[in-house]
Amino acid sequence: MKALILAGGFGTRLRPISCTRPKTLFPIVNKPLLERILQRLEKTGIKEAILAVNGLTEFYLKKYTIEKYGLDIKYSIDPPKKPLGTGGPIKKAERLIGKSGPFLVLNGDIFTDLEYKEIIEFHKKKQAIATIALYEVDDPSRYGVAEILDNNRIKQFIEKPKKDEAPTKLINAGIYVLDPKIFNYIPKDKPTSMEREIFPKLIKEKNLFGLTMQGLWMDIGKPAGYLQANNKLLKTYHKKNKIRMQNSEIKTPVAIDSDVKIGLGTVIGPYVAIGKNTIIANNVKINHSVILPDVTIKEGATIKGAIIGEGAVIGKNVKVNKDCVIGDYVEIEDNILICEGRAVCPGTKITENIINSI
Ligand code: GDD
Ligand code: MG
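Following my numbering, the numbering of the sequence shown begins with 698 at its first residue and continues without gaps.
Below you can see the structure in the form of structure tokens.
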């Protein structure tokens, strides 16, 4: 079986970190999400993955040289300046996917441990045209919401309903098994939404099925979801940190990648992932945060509940507060305060406190 990974969205809700890398390359505890997906595909016995991307995403994926876990990777690229949505890229990859049997489609921004095998087997039994994985959440309004009948047939599907209009709490988990017959439903070279255009057609014909699945599932589309995905995975870590801690304190769970230096009196954790080659000076405090690779954090800085982009330089005694997202290669001068929920564009030099968004 082949898998197609939809990874050509623009990740607007994760700006500014997503200005300089696609969502699927966001590290989840120091490993890009896409690598985690490929690793799970390999474990499922899938040998070939097609990455449905735009030209810019292809550029980043090739630049980062991702670990492929032995999978044969092919690219299917949306036309320039014409995003094909969630359906168009499936049609575009028709020749690469072939018609020999059902295939798996995954949203590339989902961090999950749901068993792909389970939905594949279920789909084969039902001989459906499409089976989608469903997952129960408290607030379904940000997602596609499904109502299923006793025989698992989907009766109704509403993409992003208003809060009080969601028929259930069962959402589309962004994992589909599709029969090649699906190609007859999607127009060629045209932006198409699976959720808004194709699923309703399949429902009319009683050809859309849903399987409710349980486990870990998170959409990393927003900063809070991204941090939560890191936290959930960190929670499962019991590994002892191998690097030498000279009089610094590590409050687990913490993950520290290779070649990280940590100064005296520094307190790291809980819930911190630190990317490789990061240098942390003395008396720094970091908790509930994700630090991407190659960051420099100077003496006395405090980072709480933030995302710090690659190559950023955080000055002495700087305070970065909850829900802040600091872009790649930002330089923050000494003694600066960045208030809660602020975002700083990549490459900016910050010389004044940030109380309002810039
Ligand atoms: N190639 C390509 N081209 N991929 C795209 C495009 C495009 O034009 N637009 C979106 N994608 C990819 C995204 O990169 C992402 O991996 C996936 O398709 C879904 O798009 P999102 O933009 O992330 O959609 P969403 O999160 O608002 O909603 C979708 O996912 C939810 C689960 O997280 C829907 O499928 C919902 O029904 C679902 O509940
Ligand atoms: Mg999404």
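Where a beta carbon is used, it is the ideal one built from N, C-alpha and C, also for glycine.
Nothing here was measured: the structure is a model prediction, and the numbers come from that model.
Tell me, to the nearest whole angstrom, how far the beta carbon of residue i is from that of residue j; I am working on the premise that it is less than 8 Å.
i, j, result
"ASN927", "ALA970", "5 Å"
"GLU1030", "GLY1012", "5 Å"
"LEU913", "VAL987", "Wrong, their Cβ atoms sit about 17 Å apart, outside the cutoff."
"VAL1041", "GLY1024", "6 Å"
"LYS852", "GLU844", "5 Å"
"GLY871", "ILE917", "11 Å between Cβ atoms; not a contact."
"THR828", "TYR873", "7 Å"
Does at least one heavy atom of ligand 2 sit under 7 Å from the Cβ of residue i?
i, result
"ASN979", "no"
"ASP836", "no"
"GLY918", "yes"
"ASP806", "yes"
Find out if the Cβ-Cβ distance for the pair residue i, residue j is shorter than 8 Å.
i, j, result
"PRO864", "VAL842", "yes"
"LYS788", "ILE826", "no"
"GLY972", "LEU989", "yes"
"ILE1005", "VAL992", "yes"
"GLY805", "THR889", "no"
"LYS699", "ILE747", "yes"
"GLY907", "MET915", "no"
"LEU738", "VAL750", "no"
"ILE774", "GLY752", "yes"
"GLY962", "ASN984", "no"
"LEU899", "PRO799", "no"
"PRO719", "THR762", "no"
"MET910", "LEU811", "yes"
"GLY960", "VAL981", "yes"
"PRO780", "GLY705", "yes"
"ALA998", "VAL726", "no"
"ILE1045", "VAL1017", "Position check: residue 1045 holds Thr in this sequence, whereas Ile was assumed. Their beta carbons are not under 8 Å apart, which means THR1045 does not touch VAL1017 by this criterion."
"LEU768", "LYS740", "no"
"ARG850", "LYS901", "no"
"LEU831", "LEU867", "yes"
"ARG710", "LYS919", "yes"
"GLU791", "PHE723", "no"
"PRO950", "LYS929", "no"
Does ligand 4 have even one heavy atom less than 7 Å from the beta-carbon of residue i?
i, result
"ASN751", "Questions concerning ligand 4 fall outside what the structure shown contains, since the ligands it does hold are ligand 1 and ligand 2."
May I ask whether a heavy atom of ligand 1 can be found less than 7 Å away from the beta carbon of residue i?
i, result
"GLU892", "yes"
"THR783", "yes"
"PRO864", "no"
"GLU755", "no"
"PRO858", "no"
"ILE883", "no"
"ASN1018", "no"
"LEU722", "no"
"LEU831", "no"
"ILE868", "yes"
"GLY706", "yes"
"LEU701", "no"
"PRO877", "no"
"PRO786", "yes"
"TYR840", "yes"
Would you mind listing the alpha helix (DSSP H) stretches within the stretch 728–807 that are 4+ residues and don't spill past its ends, in chain order? As far as the stretch 728–807 is concerned, its whole alpha helix (DSSP H) runs of at least 4 residues are 730–740, 752–760, 785–789, 791–794.
Ranges of the alpha helix (DSSP H) found wholly within the stretch 867–907, counting only runs of at least 4: 896–901
Any chance you could list the beta strand (DSSP E) runs of at least 3 consecutive residues sitting entirely within the stretch 972–1001, in chain order? 982–984, 986–988, 999–1001
Could you name each continuous alpha helix (DSSP H) segment of 4 residues or more that falls completely within the stretch 1012–1044, going from the start of the chain to the end? DSSP runs (the alpha helix (DSSP H)) wholly in the stretch 1012–1044: none.
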